[in-house]
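Contents: one structure, followed by commentary.
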Amino acid sequence: MALASLSLFSPPPPPPPPKTLTAIQNSGVIACLRAHDGKTAMDAASAALRGGISVLEIVMSTPGVLEVIKDLRKDHPSLTFGEILLELEGSEILYIPGVMTPTEVLLAYNAGAKIVKVYPVSLLGGEKYISALKKPFPHVPMVASQGVTTESIGRYIEAGASAVVLSDAIFDKGAMQQRSFDEIERLASCADDSDDEVSMTKNTMYPDI
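Each residue of the sequence shown is one higher than the one before, starting from 93 at the first, in my numbering.
In structure tokens form, the structure reads like this:
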């Protein structure tokens, strides 16, 4: 009887996070790809995935982007793809808005955002800015975006970021122009190795992220 009474007045458990959010938090790295044509996008994305990347963002300005994502989904059904990381699961949408200021973080969170993208993070102060934002908003997961390098992944995670966006650090402009996909695979592998090195620190410091 007492248990029944408690269940009536206890709040329901929170719904499980969308799979894209879980994938981002587990990975710690989002590879952001821009390409001038669909063939290059497909080859570069495949190279990054071979290198160990598990969350991939392809911007919509890439010609044939929807076909590229469709083909990648066929080849890699267990991985996470998207443009600006928009996911629809039934009636549930995961949207990651870009924010700069504490006010924008608050507005996005109050509007229902489960995670925000801090951009352009390197111009705002880098990992120190993430650390400052996390003090009033420890409950808001954040993705650090713009100017992040493979070497700085650990510093951003330690500062409180749930993940970082890597663009040129993986899809190097020279490698993209020369279609040097072996180099892109190598850079992706370096990013994946760096993220693995900080995963234990992340799990220890932020077990609920």
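Glycine residues also receive a C-beta, built at the ideal position from the N, C-alpha and C atoms.
Local conformation of residue i per DSSP, three classes
i	result
residue 130	helix
residue 209	strand
residue 122	strand
residue 283	helix
residue 164	helix
residue 154	coil
residue 236	strand
residue 182	Caution is warranted here: a pLDDT of 48 is assigned to residue 182, below 50, making its placement in the model unreliable, and the coordinate value is therefore given only provisionally. Reduced to three states, the DSSP call for residue 182 is coil.
residue 266	helix
residue 246	helix
residue 114	helix
residue 273	helix
residue 177	Reliability of the predicted coordinates at residue 177 is poor, the pLDDT of 43 falling under 50, and the value obtained from them is presented with this limitation in mind. Here residue 177 sits in coil by DSSP.
residue 136	helix
residue 200	helix
residue 224	helix
Sheet register partners of residue i (DSSP bridge)
i	result
residue 172	147
residue 218	None, per the DSSP bridge assignment.
residue 255	235
residue 191	210
Contact under 9 Å by Cβ, residue i with residue j
i	j	result
residue 254	residue 144	no
residue 251	residue 223	yes
residue 138	residue 119	no
residue 306	residue 228	In the structure as shown, the chain starts at 93 and stops at 301, and residue 306 therefore has no counterpart that could be examined.
residue 197	residue 240	no
residue 142	residue 277	yes
Expected contact under 8 Å - CB spacing of residue i and residue j to nearest Å
i	j	result
residue 377	residue 140	Any answer about residue 377 is impossible in this case: the structure gives the chain only from 93 up to 301.
residue 232	residue 256	Between residue 256 and residue 232 the Cβ distance is about 16 Å, and since that is not below 8 Å, they are no contact.
residue 124	residue 149	5 Å
residue 203	residue 191	Contact doesn't hold; Cβ gap of about 11 Å is too wide.
residue 135	residue 273	5 Å
residue 207	residue 113	6 Å
Min CB distance residue i to chain D below 9 Å
i	result
residue 147	This model lacks chain D altogether; it includes just one protein chain.
(request) Flag this pair as touching only if the region 238 to 251 and the region 209 to 229 have three or more C-beta atom pairs under 8 Å; answer yes or no. (result) yes
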